[in-house]
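In this note's numbering, the protein residues as written are 2 to 191.
The C-beta atom is built at its ideal place from N, Cα and C for all residues, glycine as well.
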């Protein structure tokens, strides 16, 4: 069997036009562009599943809930309806505390939030009491250079009239005055 014959194309169909460089001389003394800043915004719709809907409804009531994996017994927050380890449905809802333990953090020297944070600020992973997976949050009400792994924290919420179905109901986390958790108890997280 032979190869099919190529289809003839009109002359010049695939060739590029000649590059016009006549204006380049006028730009020789122009300052080069170093950076261009332009605002960017993404708007999207999110349809939560059953587990996330339960979580968001609870957070509107200043409650934190997770779901337990039926195989490993680990409690996940925010719940997604399925265990990320076992792949099984997580139907048992677990009421969690409003306090937690700081298991990791970083001191941030740039305002990524657009909310004019006082620089520097602390972004942290907080292991909520009763859960097995830490969540992100800001740490405030303590100087950034006094923050340490093992600190006990409490969630600071928006006023009741501002509550919505959003994780942003927790404004930040602050020291709760309890003794630090020893590092030996946090080895799974640090």
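Which of helix, strand or coil does DSSP assign to residue i?
i	result
residue 136	strand
residue 100	strand
residue 25	helix
residue 145	helix
residue 84	coil
residue 185	helix
residue 179	coil
residue 72	coil
residue 93	strand
Just to confirm the assignment, what range does the alpha helix (DSSP H) spanning residue i have?
i	result
residue 58	51-60
Could you work out which residue in the options is closest to residue i when comparing CA atoms only?
i	options	result
residue 150	63, 89, 156, 184	184
residue 110	121, 97, 84, 24	121
residue 96	125, 80, 57, 65	65
residue 137	159, 174, 35	174
residue 99	157, 126, 119	157
Using a threshold of 8 angstroms, state whether the C-beta atoms of residue i and residue j are closer than that.
i	j	result
residue 135	residue 104	yes
residue 87	residue 70	yes
residue 101	residue 128	yes
residue 78	residue 132	yes
residue 80	residue 73	no
residue 164	residue 61	yes
residue 181	residue 141	no
Are there 16 or more other CB atoms within 10 angstroms of the CB of residue i, so buried, or fewer, so exposed?
i	result
residue 179	exposed
residue 47	exposed
residue 44	exposed
residue 148	buried
From which residue to which residue does the beta strand (DSSP E) around residue i run?
i	result
residue 124	122-129
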